[in-house]
Each structure stands twice: as structure tokens, then as C-alpha cells.
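Residue numbers (the numbering used here): -5 to 338.
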Amino acid sequence: MKSLALLFLGALPLAAQPLLTFNNRPLGSVESPLVINAYLPDPGIDEAVFARHHKGLVAPSYSPKEGRDTKGTEKPGAGLPAAIAVSMGPQLAYVFDPVECRPMYAWQGGFLDFTPYWGDEKRGSRVSKDYVPRLVGTLFYKAEGEHPLSIGGKPVREPEYIGYSLEKGVPRFEFKAGGHVVKAVIRPAKDSFSYEAEWTCDPPAKLVWKEGSFTAEGEGKMLLAFTGKSLGDFHGYEVKVDLSKANVEAGATLFNAYGCSGCHSTDGSKGYGPSLAGLADSTKELEGSAEKVKADAAYLFESIKNPNAKVAKGYPPNYMPPYQLKDVEINSLVLFIQSIAKPE
């Protein structure tokens, strides 16, 4: 388990899709999910989950400058090798593990920050000895214990991964277990911190899912609707901006570095979150309330620091995780938002 795997593959051959490295915080959508097979973060998953993974071993230190091994050793990276991450927009992201053939974890409010893996535009290179992207969003599901699926009364213990296919862009994972071909499709659910999964097997048999206190079952086909709770907020790779005083330029840098444009447009177009064009000092309606508020500096500051404090009408809560930013950084973002005029 957790041995180093330097792999990036999209859902389609590279020649058939645009490169993603211009944006270190890519985001898919329900209509067009983003599928990435890579070395992925481990948010503290129970060791019992990794029944079929091998332990990564230390390796000799290597000097690129000298072109040879040097004294000392390097520990394996703390992540999941060759796992598959799927982004379906801010509502749902999840990781499917092809070794254990099960979802490993799920979160919402963002996806992954590939800055340490892909590098950034200013530095022009990845982070030395750091290949693991960072989670962005609020984690609400983590796998527990041995494989929770049983087929015809027999627990899945030696699954054999087949692969995945795309059906209208949505991945359908397939594996063999106990003489059956099992298929799984995972989609966003309506409520926050939830997802829906459809499991089928051929030839048909009774399917039962038991994980912690959660259970589901079906004959040949099982619909699993899971709702969890916040297990922690993740904010991506730390962006370092030297600030002695809040300013618009720093706000623009932070806006781009944190991938805010994935949800908030600056030209008035509709996105997962309210457009920032002309937002400053406008009057906003709030979700679940007759109250209207002015989007002044205090409102903008609060909305960045605590996004669920006052949710704009028409948008769900929990899409935007609270970022761990200094006040001077938040004030810089506020100044940047205030500088964005309403489109003509």
C-alpha cells in the first residue's frame, strides 16, 4: 500500500482532450465528470480497508544532479497509488480504489489541488519529493473495515478489477467477485454530504452492503443512498503570498491560486456559486430567509471566512469550504471582488 506511482491519465486518451495543467484545481460537473487516475491523498483511512494492498518500502536516496543513488533512504509517499478520482462538480467528488474495488472516500465543495504534482506557472516545476495532490472541500465519507459487499451471502474478499466505462460521461466501475461481474455507478444525491450508488451483479444474486451502521440490500440490483456528516475541511495546497497590506493584486493572485473561478465567474455568467461581477454593494436575497442583505465589505469578508453564514438564494450550503486564510488575505480578496464591475 502507498508505494509511489507517478501516473496521470484522464478518462480519454491525451490526444483527445485538452490539457488540464493550466488549472491546478480542475473541476468536473454532473454533465461532464472529470476522471483522473493518479497518486491520491489518504485522508486517514482505516488500515483494515487495505486488505489487498502491499506496503511501500523505503528506497535509496537518488541525486538527479549526480545521476546515481546516494547515502540515505526515502520513505514511500503517504497516499493511494493509482486510485481513481472523480469530480462531478462541487456537489460530489469521490475516489474509487481498483485494488479493493470499492469507494475509498467522498467529499464535496471542491476536488483536488495538483500544485505539488503539476507545479505552478510562476515556479514552473512541481514540488520536490511531493507528488500527492491535496484535497479541496469537506470530507463526508471514509471507507471502514473489510469490503462491505456480500453477494449471495458470501463476502467479497478477492475482487478482480476489470476497468471502467463511461456512460454519458459517468464512470461505471466493473470487477469480478465470486463468479459474478459486479458493476457500480456513483452519482450526487440531492442533500448535502450524500451520494447515491447503483450496484448490480451478473448472474443476479442477493446484494448486501454493511458498513458501520449503514446497510443496504437488493436482489441483483442494489440502490445505496448514503448521507454522512462533515469529517473535516481541506483547503488544498497552501498558497504563500507575502502581504503587509491588503491589495487588489494579491486578491487576484489568491483568487486564481485557489481556483475560485471554477465556481465564481467574473463576467456575470452563471456558475456553481454567485458571479462576482457587480456583486459588491449589491442587494442579495438569502436562501431559506426573507431577509435581504447588502453585499458590503463585511458581508463579503464573512462569506469567505464562513460561507454557510449567509447562503445566497438559489445556491445550496456546503459547496464552498471555509478557507484557512489570514484576515489580510481575505481583505485582499474582498478588494478584488469590489474591483469587478457589473457587466454592461
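Don't be surprised by glycine CBs; every beta carbon is placed ideally from N, CA and C.
Within its chain, find whatever has a CB closer than 6 angstroms to the CB of residue i; leave out the 5 residues flanking it on each side and keep chain order.
| i | result |
| --- | --- |
| Arg128 | Asp107, Gly230 and Tyr231 |
| Gly163 | Ser26 and Pro27 |
| Glu281 | Val305 and Lys307 |
Going by DSSP, what residues sit across from residue i in a beta bridge?
| i | result |
| --- | --- |
| Tyr155 | Phe169 |
| Gly131 | Phe228 |
| Phe208 | Glu205 |
| Tyr189 | Pro182 and Phe220 |
| Asp91 | Arg96 |
| Asp107 | Arg128 |
| Val29 | Val80 |
| Asp196 | Val175 |
Quick one: using the 10 Å Cβ neighbour count with 16 as the cut-off for buried, is residue i buried or exposed?
| i | result |
| --- | --- |
| Val24 | exposed |
| Val52 | exposed |
| Tyr56 | exposed |
| Glu41 | exposed |
| Ser159 | exposed |
| Leu13 | With a pLDDT of 49 at Leu13, under the threshold of 50, the modelled position of that residue is not reliable, and the figure given next carries that caveat. It counts as exposed. |
| Leu0 | Confidence at Leu0 is low in this model, with a pLDDT of 35, below 50, so its placement is unreliable and no value can be given for it. |
| Pro7 | Residue placement at Pro7 cannot be trusted, given a pLDDT of 42 that sits under 50; what the coordinates show is reported in the next sentence. When all chains shown are included, Pro7 counts as exposed. |
| Lys58 | Lys is not the amino acid found at residue 58; the sequence shown has Pro there. Burial call: exposed. |
Please list, in chain order, all residues of the same chain as residue i whose beta carbon is under 8 angstroms from its beta carbon, the five residues on each side excluded.
| i | result |
| --- | --- |
| Tyr293 | Lys278, Val287 and Lys304 |
| Asn241 | Ser326 and Leu329 |
| Glu140 | Ala42, Val43, Ala45, Pro149 and Arg151 |
Quick one: what's got a C-beta closer than 7 angstroms to residue i's C-beta in the same chain, skipping five residues either side?
| i | result |
| --- | --- |
| Thr247 | Val235 |
| Pro316 | Asp227, Lys299, Asn300 and Pro301 |
| Gly267 | Cys257, His258, Tyr309, Tyr313 and Met314 |
| Asp275 | Lys288, Ala289 and Asp290 |
| Thr67 | Val52, Ala53, Pro54 and Ser55 |
Run the proximity test for residue i: is its beta-carbon closer than 7 angstroms to any non-hydrogen atom belonging to the ligand MG?
| i | result |
| --- | --- |
| Phe295 | For the ligand MG, the structure offers nothing, since it holds no ligand at all. |
*Does the count of Cβ pairs from the region 19 to 37 and the region 74 to 86 closer than 8 angstroms reach three?*
yes
*Is the region 97 to 104 touching the region 203 to 210 in the sense that three or more CB pairs, one from each, lie closer than 8 angstroms?*
Not touching, per the Cβ criterion.
*Of all the beta strand (DSSP E) runs that stay within the bounds of the region 51 to 80, which reach a length of 3 or more residues?*
53 to 57 and 62 to 68
*Taking three-plus beta-carbon pairs below 8 angstroms as touching, is the region 182 to 195 in contact with the region 118 to 125?*
The region 182 to 195 is not in contact with the region 118 to 125.
*Where in the region 265 to 302 do unbroken runs of the alpha helix (DSSP H), each at least 4 residues long, occur, reported from the N-terminal end onward?*
List check, alpha helix (DSSP H) in window: 291 to 299.
*asked:* When you compare the region 131 to 138 with the region 84 to 102, are there three or more beta-carbon pairs, one atom per stretch, that lie closer than 8 angstroms?
replied: yes
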